[in-house]
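Each residue of the sequence shown is one higher than the last, beginning at 2 in this note's numbering.
We put the beta carbon where it would ideally sit given N, CA and C, even for glycine.
All remarks here apply to the structure that follows.
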Amino acid sequence: MGTQGRKIVDTDVDELVKLLNKAYSDEWLAYYQYWIGSKVVRGPNKEAVIAELTIHATEELGHAVLLTTRIIQLGGTPVTNPQQWF
């Protein structure tokens, strides 16, 4: 699908993949922040905060999955090294 995806998109596909990888990295960072927050939260409303952070983490991970799919469809490779997320 990479070749066909490149034909369909009317833009610089390499630049598009670069931008999608940036968005992908941002989603992973957001996922991690929500996820780790849900693990270290303290206080009287701890359970409610954990539930809310877990919902947000799941949403962010879902976004990362969608971006991964699109990057691969366009013949690109998703960022594989967390050090490249920044």
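Asked	Found
Spatial neighbours of Val-42 in its chain, beta-carbon cut-off 8 Å, leaving aside the 5 residues before and after	Val-50, Ile-51 and Leu-54
Alpha-carbon to alpha-carbon, Asn-22 and Ile-72	7 Å
Coarse secondary structure for Asn-82, derived from DSSP in three states	coil
First through last residue of the alpha helix (DSSP H) which encompasses Arg-71	47 to 74
Collapsed DSSP secondary structure at Asp-15 in the structure displayed	helix
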